[in-house]
Amino acid sequence: MRSVVMLGVGGLLFIALMAAAAAQEVGSPSVLALQGSDGAVVYQAKCASCHQADGSGIAGAFPPLAGNPNAADGAYVESVILEGLSGPIDVLGVTYDTMMPAVTDLSSDELAAVVAYVGTLAGGDQPVPTTAAPPSGGDSVHGEKLFRGTAGFAAGGAACAACHSAGDIGFGGGSGLGPDLSDVFDRFGGEAGLGGWLGAPAAAAMQPLYDDKPLTDGEIADLTAFLATTTNVEPAGGIDVVLIGAIVVMLLLLGFMAWRIKGPNETYNQRLRSKQ
């Protein structure tokens, strides 16, 4: 009997986890499901925060797509979207050394639409690249508090440390659910690139969290200032505290169920022996 109940509890936990995962997927519908198969719509949702709405890019951070012969090659664009790109590349005589993460949540129709749209940008006249205004008055101390969650975002968005680590914020203070952000300031080309990303995150996992709870200009400036200080800091190690907590809760629940089952059986056996 005890083993049956234990299996039942384990099954319920598994079902709950699967339901949560399914709910997360349902809560993040594709761009096409919401707004149609227009390549421009997909581009604005997935690409414009870094490459800009007109394809001009961000000087020193993200290369332009407008007038870029590489962007006219549909097969190349598709491979970069699906596999990502890192390391130095030369675009129109300028070297860029930032990282583009793979975009893996596009449907085949979305992918084809955005590849075709990028091709139209590549064939047009190249606009003059504009440099995004860097965040002014960034406070790295307050930025660290925002990252840790000891200070809240004005719109109520989740603290960065709920999913990420950065510098020495890790074990006991950050999470390993998302990538480490220790060198993100350099990877995004400094203030302009990182500030643009924080203002309109293109990562699929971040969009449901911040689309309705955007960061203010001041919060972006403070976070950027803080993340600039973590570049040369050794990332903290250790096991994810969230994972440890989940395991402990599960073990406590299983132990409690076992105790509840064992207790009445022992009492019943004791009563039988006392009657003999």
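Going by the numbering used here, the sequence shown runs without a break in its numbering and finishes at 281.
Glycine residues also receive a C-beta, built at the ideal position from the N, C-alpha and C atoms.
Small disclaimer: the values here were computed from a predicted structure and weren't measured.
Item: Return the Cβ separation of Phe158 and Ile174 in integer angstroms, given the expectation that the two are a contact with Cβ distance under 8 angstroms.; Value: The Cβ separation is near 17 angstroms, so there is no contact.
Item: Compare the beta carbon distance of Val82 and Val120 with 7 angstroms and say whether it is the shorter of the two.; Value: yes
Item: Let's see if you can read the secondary structure: which residues bound the beta strand (DSSP E) around Thr100?; Value: 99 to 101
Item: Could you tell me which of Ile63, Gly60, Ala226, Ser187 sits nearest to Ser145, measuring between CA atoms?; Value: Ala226
Item: Give me the DSSP bridge partner(s) of Phe67.; Value: Ile63
Item: Measure the C-alpha to C-alpha separation of Ala64 and Ala50 and round it to an integer number of angstroms.; Value: 21 angstroms
Item: Do the segment 83 to 94 and the segment 103 to 123 make contact, defined as three or more Cβ pairs closer than 8 angstroms?; Value: yes
Item: Would Gly79 and Pro69 be called neighbours here (beta carbons separated by less than 7 angstroms)?; Value: no
Item: Excluding the 5 residues flanking Val85 on each side, which residues of the same chain have their C-beta closer than 7 angstroms to its C-beta?; Value: Met105
Item: So for Asp95, helix, strand or coil by DSSP?; Value: strand
Item: Checking contacts by CB at 7 angstroms: is Met255 closer than that to chain C?; Value: In summary, chain C is missing from the structure at hand, where a single protein chain is found.
Item: Straight-line CA distance for Leu203 to Gln57?; Value: 14 angstroms
Item: Can you grab the Cα-Cα spacing for the pair Thr221 / Asp110, in whole Å?; Value: 27 angstroms
Item: Around the C-beta of Ala160, are 16 or more other C-beta atoms found within 10 angstroms, so that it is buried, or is it exposed?; Value: exposed
Item: Under a Cβ-count criterion, where at least 16 other Cβ atoms within 10 Å of its own Cβ denotes burial, should Leu186 be classed as buried or exposed?; Value: buried
Item: If Gly1 sits next to Phe231, beta carbons under 8 angstroms apart, how far is it from one beta carbon to the other, in whole angstroms?; Value: Because the chain is modelled from 6 through 281, residue 1 falls outside the range shown and cannot be assessed.
Item: Note down the Cα distance separating Asp102 from Ala45, rounded to an integer number of angstroms.; Value: 26 angstroms
Item: Please work out which residues of its chain come closer than 7 angstroms, Cβ to Cβ, to Asn73, disregarding the five sequence neighbours upstream and downstream, and give them in chain order.; Value: Val96, Leu97, Ala127
Item: Look at the alpha carbon of Ala143 and the alpha carbon of Ala156, and state the distance between them as a whole number of angstroms.; Value: The residue asked about is misnamed: residue 143 is Gly in this sequence, not Ala. Computed Cα separation, rounded: 15 angstroms.
Item: Using 8 angstroms for Cβ pairs, my map puts Leu214 next to Gly162. What's the rounded Cβ distance?; Value: 6 angstroms
Item: Buried or exposed: which applies to Thr100, given that a residue is buried once 16 or more other Cβ atoms fall within 10 Å of its Cβ?; Value: exposed
Item: Could you give the C-beta distance for Ala205 and Ser113, rounded to a whole number, given that I count them as a contact under 8 angstroms?; Value: About 25 angstroms separates the two Cβ atoms, so there is no contact after all.
Item: Would you give the residue range spanned by the alpha helix (DSSP H) that Val123 belongs to?; Value: 113 to 128
Item: So what does DSSP say about Ala77, is it helix, strand or coil?; Value: helix
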